[in-house]
Amino acid sequence: MAMEKEMIAGEVPVSPFSRLFSMPGLDCFNIVTIGFKNEANPSAIIEGLKNTLLNHPRFSSILETGLGENKAKWIPTKVKVEDHVVFPEIDPTIENPDQFLEDYTSNMVFSPIDMSKPLWEMHILNMKTSDAESLLVSRFHHSLGDGMSLMSLLLACSRKTSDLEALPTLVAPKKSKVTNVWWSLVARLWFIIRLMCNTFVEVYKFLLILCSVRDATTPLMEKPSATLSPNKFIHRVISLDDVKIVKNAMDMTVNDVILGMVQAGLSRYLSQKYDSETNLKLRRSLENVCLRAVVFFNLRSNKKIEDLAKMMAKRSTSRWGNSIGYVMIPLWMRYENDIFEYIRRAKKIMDRKKLSLEPLFSYVLLKLTVEVFGFKALRTLAMRIFGRSTIILSNVAGPSEEISLFDHQISYVAASISGFPQALIVHITSYVNKVIINLGVDLDVIPDPHHLCDHMVEALKMMKSAAEEKSSTDLNV
1 MAMEKEMIAG EVPVSPFSRL FSMPGLDCFN IVTIGFKNEA NPSAIIEGLK NTLLNHPRFS
61 SILETGLGEN KAKWIPTKVK VEDHVVFPEI DPTIENPDQF LEDYTSNMVF SPIDMSKPLW
121 EMHILNMKTS DAESLLVSRF HHSLGDGMSL MSLLLACSRK TSDLEALPTL VAPKKSKVTN
181 VWWSLVARLW FIIRLMCNTF VEVYKFLLIL CSVRDATTPL MEKPSATLSP NKFIHRVISL
241 DDVKIVKNAM DMTVNDVILG MVQAGLSRYL SQKYDSETNL KLRRSLENVC LRAVVFFNLR
301 SNKKIEDLAK MMAKRSTSRW GNSIGYVMIP LWMRYENDIF EYIRRAKKIM DRKKLSLEPL
361 FSYVLLKLTV EVFGFKALRT LAMRIFGRST IILSNVAGPS EEISLFDHQI SYVAASISGF
421 PQALIVHITS YVNKVIINLG VDLDVIPDPH HLCDHMVEAL KMMKSAAEEK SSTDLNV
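Number 213 in full-length UniProt numbering belongs to position 213 of the sequence shown; there are no gaps in the numbering.
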């Protein structure tokens with residue numbers, strides 16, 4: 001009786017966005033692959049999970065959705081970690097471990113998950129790949145939290161390799177120094193004017209897109225959105241130093257370079273597809289193609305890792321969950337001879353989006369929809385947003401220093417999401433001096449995801465070469 005009362009008292013209503021990600025048609029999962037530099041020790045990982053992850057209420061609760069549309073709840077339960085950790089036997093003489101990892105991850109994503117248990121699982125793969133000595137492949141239901149929440153949780157569970165007692169540190173954003181009070185007031189006033197103007201324009205475009213037709217049919221969207229579903233996940237590790245070379249030469253941000261790289265890779269991929277197309281009815285000029293991408297924005301204020309660790313230690317769910325906004329951006333689909341043009345276009349678009357309240361508007365719009373019209377209307381609106389775009393783009397920054405998870409030194413972190421009605425999901429993560437490109441594709445639409453990824457990597461190489469040439473020219477001048 002006492003146990004039953006405690007369980008009922010611990011029940012927590014499911015937030016609207018967590019409920020959204022568990023509805024039919026948007027049953028979404030976060031897929032996280034962590035590469036280790038040493039052989040995995042299952043016992044150490046299980047013991048570490050008991051001391052960290054299980055202290056978080058979301059990871060020790062059942063999602064109960066059969067209580068009615070507006071009555072879904074998180075119900076605390078007793079968790080046996082061993083039931084959530086899988087340690088398969090793998091042939092040590094396997095010929096292509098990288099291909100095995102891709103197939104394993106893809107199959108794991110679409111295998112049934114037991115809804116009577118907390119919605120997470122981890123698979124320990126003790127095999128050597130091109131980028132790691134062993135791997136931890138995790139699947140988290142999106143209702144547990146968004147990408148930033150999960151990255152924060154990873155950091156709160158990790159320790160510096162240079163000091164195994166110290167939590168990782170995040171680079172604090174640079175603050176501009178105020179030298180003149182009057183100039184500061186003028187700058188703030190100008191900032192507010194630009195913010196309001198950009199918000200009006202971008203929100204108007206957002207609403208216009210919702211009322212307009214979806215993106216044009218291309219080799220990236222050859223099926224109805226209702227039947228699209230990523231069923232293959234691949235990743236590629238590249239150098240963050242290469243990105244920074246381009247960033248410094250162009251005096252832009254890492255995100256600008258990455259978005260430019262993605263646009264350049266997609267443009268060259270589509271151009272090659274059109275050049276090889278023999279059916280005149282399907283052939284079209286690349287300049288006439290209009291494609292849009294949904295980009296996620298984190299709406300949380302920056303928090304210290306120490307605060308997140310304390311939050312987990314106290315079994316608190318504050319500052320946790322899905323707190324993300326969405327923006328729609330047009331992609332520059334042109335075959336440019338000037339490779340830097342893709343970065344310039346990316347910066348121009350994202351500067352307007354970042355200096356507007358469109359991400360917050362999209363968040364509030366979804367929240368008001370569910371409060372006024374209910375979850376069915378929320379699902380309809382969400383499907384309309386994603387149905388008006390071809391691609392999902394997401395970018396999560398990882399730690400800038402080496403970290404270890406339960407005494408396992410991390411080599412890289414790759415992440416992606418499943419369950420959205422797009423044939424292509426591009427998710428970028430960073431870790432120390434690496435950038436990890438993760439593609440989730442529908443093989444019926446994009447049968448050659450490695451070829452598409454090659455175009456993105458080749459685009460970055462071209463940008464780096466042009467940046468080094470530019471820097472050399474500037475020095476000579």
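Note that the Cβ used here is the ideal one computed from N, Cα and C, for glycine as well.
Please read these numbers as outputs of a predicted model, since none were measured by experiment.
Beta carbon of residue i, beta carbon of residue j: below 8 Å?
{"i": "P42", "j": "S61", "result": "no"}
{"i": "D27", "j": "S411", "result": "no"}
{"i": "I258", "j": "C453", "result": "no"}
{"i": "L291", "j": "L331", "result": "yes"}
{"i": "M261", "j": "M456", "result": "yes"}
{"i": "S106", "j": "K232", "result": "yes"}
{"i": "D242", "j": "K470", "result": "no"}
{"i": "I31", "j": "R194", "result": "no"}
{"i": "I46", "j": "V81", "result": "yes"}
{"i": "V435", "j": "I245", "result": "no"}
{"i": "S472", "j": "P230", "result": "no"}
{"i": "P399", "j": "L155", "result": "yes"}
{"i": "Q263", "j": "R344", "result": "no"}
{"i": "E401", "j": "V203", "result": "no"}
Around the C-beta of residue i, are 16 or more other C-beta atoms found within 10 angstroms, so that it is buried, or is it exposed?
{"i": "H450", "result": "exposed"}
{"i": "D83", "result": "exposed"}
{"i": "Y104", "result": "buried"}
{"i": "F21", "result": "buried"}
{"i": "F296", "result": "buried"}
{"i": "W183", "result": "exposed"}
{"i": "T390", "result": "buried"}
{"i": "D91", "result": "exposed"}
{"i": "A187", "result": "exposed"}
{"i": "Y431", "result": "buried"}
{"i": "P168", "result": "buried"}
{"i": "T33", "result": "buried"}
{"i": "E371", "result": "exposed"}
{"i": "L282", "result": "The pLDDT assigned to L282 is 46, lower than 50, so where the model puts this residue is not dependable; a value taken from the coordinates is nonetheless given after this. That one is exposed."}
{"i": "S212", "result": "exposed"}
{"i": "S416", "result": "buried"}
{"i": "D442", "result": "buried"}
Return the Cβ separation of residue i and residue j in integer angstroms, given the expectation that the two are a contact with Cβ distance under 8 Å.
{"i": "Y342", "j": "R268", "result": "The Cβ separation is near 10 Å, so there is no contact."}
{"i": "S158", "j": "I403", "result": "4 Å"}
{"i": "V137", "j": "M108", "result": "6 Å"}
{"i": "H141", "j": "F29", "result": "6 Å"}
{"i": "W298", "j": "M148", "result": "The amino acid occupying residue 298 in the given sequence is Asn; Trp does not appear at that position. The Cβ separation is near 5 Å, so the contact holds."}
{"i": "A72", "j": "G265", "result": "Actually they do not touch by this definition, with Cβ atoms about 40 Å apart."}
{"i": "N433", "j": "A414", "result": "The Cβ separation is near 15 Å, so there is no contact."}
{"i": "residue 553", "j": "K37", "result": "With the chain covering 1 to 477 only, the question about residue 553 has no answer from this structure."}
{"i": "F375", "j": "M23", "result": "7 Å"}
Excluding sequence positions up to five away, which residues of its chain have a Cβ less than 8 Å from the Cβ of residue i?
{"i": "S362", "result": "F206, G325, Y326, V327 and I385"}
{"i": "F59", "result": "L53, V79, P118, W120 and L144"}
{"i": "L360", "result": "L299 and G325"}
{"i": "T369", "result": "A377, L378 and L381"}
{"i": "V201", "result": "R352 and S356"}
{"i": "L365", "result": "L381"}
{"i": "F110", "result": "N231 and S418"}
{"i": "F100", "result": "I90, I94 and M127"}
{"i": "L280", "result": "Model confidence at L280 stands at a pLDDT of 43, short of 50, so the residue's coordinates are unreliable; what they give is reported in the following sentence. Taken in chain order, the list of residues that qualify is empty."}
Using C-beta distances below 7 Å, list every residue in its chain close to residue i, excluding the 5 sequence neighbours before and after it, in chain order.
{"i": "K347", "result": "M252 and D256"}
{"i": "A466", "result": "I339 and F340"}
{"i": "N395", "result": "N255, I258 and I428"}
{"i": "P97", "result": "M127, K128 and T129"}
Between which residues of its own chain and residue i is the CB-CB distance below 6 Å, once the five residues before and five after are set aside?
{"i": "I392", "result": "V294, F420, Q422 and I425"}
{"i": "A40", "result": "I124, N126 and S134"}
{"i": "A44", "result": "F406 and D407"}
{"i": "A166", "result": "K160"}
{"i": "I209", "result": "M328 and R388"}
{"i": "M462", "result": "I339"}
{"i": "G48", "result": "F406"}
{"i": "F191", "result": "none"}
{"i": "E468", "result": "none"}
{"i": "K50", "result": "V81"}
For a minimum of 3 consecutive residues, which ranges assigned as the beta strand (DSSP E) are wholly contained in the UniProt domain "O-acyltransferase WSD1 C-terminal" (320-464)?
For the UniProt domain "O-acyltransferase WSD1 C-terminal" (320-464), whole beta strand (DSSP E) runs of length 3 or above, ordered along the chain, are 324-330, 391-396, 403-405, 408-418, 424-431 and 434-441.
Of all the beta strand (DSSP E) runs that stay within the bounds of the stretch 82-118, which reach a length of 3 or more residues?
Inside the stretch 82-118, DSSP marks no whole beta strand (DSSP E) run of 3 or more residues.
Give the list of continuous alpha helix (DSSP H) stretches no shorter than 4 residues that lie fully inside the stretch 181-213.
The stretch 181-213 contains these whole alpha helix (DSSP H) runs: 181-211.
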